[in-house]
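Worksheet: one structure, shown below.
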Amino acid sequence: MPGSGKSSVARQLGRSLGWAVVDTDHAIESRIGMPIRDFFSLHGEPAFRDLETEVLAHCLQPTEPTVLATGGGIVLRDVNRDALRARSKVFYLRTSVEELVRRLRHDTSRPLLQGVDPRQKLHELYAQRDPLYRKAAHYVVEAHRPSVMGMAHWIQMQLELGGHLNGQGAAPTLSA
Ligand SMILES: Nc1ncnc2c1ncn2[C@@H]1O[C@H](COP(=O)(O)OP(=O)(O)O)[C@@H](O)[C@H]1O
Ligand SMILES: O=C(O)C1=C[C@@H](OP(=O)(O)O)[C@@H](O)[C@H](O)C1
Ligand SMILES: [Mg+2]
């Protein structure tokens, strides 16, 4: 979900593992040369989703071990979910709507939450997306691990336990 910590945890995990960190939203912003919020107002959500699918396909062909953070709406398309599952180990950072409301209270960068009641919108997004996040995910990281550092540490442990860091299970990309 937006605000669940994907971008923050990816940065921390990349630092811990010594891996590259890629964020699909940042890749999109460098390609379009403007904030996502402005792109949404100019071209609308469907155009953003097309771009997101294109950028994701590119990001899932990394040249080095990579932690990939995506935007929260990436799961809306089957093709994205299938590509993520096939080409990476996917972690769903599952956070309560109340916590998301707290974190995004003053945020103006997420277009879907502007000009609406954020709590109601987040409940709607959650109802629509929770099943999709579950379908896409190999692992669910529950909200009771509250800090960015704690979440990154838990993910690193799962990777070690799963043998993904010692060559047994190939995990060239981690997506959150
Ligand atoms: N585990 C956490 N505990 C407290 N605050 C967090 C946590 N993870 C992220 N945040 C804060 O929530 C906001 C959204 O985080 P971000 O990483 O941008 O989420 P996402 O990429 O999933 O939308 C930021 O202000 C970030 O500092
Ligand atoms: O949930 C969504 O549909 C979106 C989430 C955003 O990313 P974060 O999940 O990093 O906020 C960004 O991709 C765009 O504003 C759309
Ligand atoms: Mg993000």
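Start counting the sequence shown at 7; every next residue gets the next number (my numbering).
All C-beta atoms, glycine included, are put in the ideal place defined by N, C-alpha and C.
From the DSSP output, in three-state form, read off residue i for me.
i, result
"P178", "With a pLDDT of 42 at P178, under the threshold of 50, the modelled position of that residue is not reliable, and no figure is offered here."
"D31", "helix"
"T59", "helix"
"V73", "strand"
"Q164", "helix"
"D136", "helix"
"M157", "helix"
Just to confirm, are residue i and residue j a CB contact at a threshold of 7 Å?
i, j, result
"G156", "V73", "no"
"T101", "S10", "yes"
"Y98", "A158", "no"
"T30", "L62", "yes"
"V103", "Y132", "yes"
"L90", "M7", "no"
So if DSSP puts residue i in a beta bridge, which residue, or which two residues, is it bridged to?
i, result
"Y145", "F97"
"A26", "T72"
At a Cβ threshold of 7 Å, is residue i touching chain C?
i, result
"V73", "The structure shown contains no chain C; it is built from a single protein chain."
Margin query: Residues around ligand 1, please: the condition is that the C-beta lies closer than 5 Å to some non-hydrogen atom of it.
Written below: P8, G9, S10, G11, K12, S13, S14, R109, V154
Next item on the list: Kindly confirm or deny that the stretch 31 to 39 and the stretch 53 to 72 touch, where touching means at least three C-beta pairs closer than 8 Å.
Entry: yes
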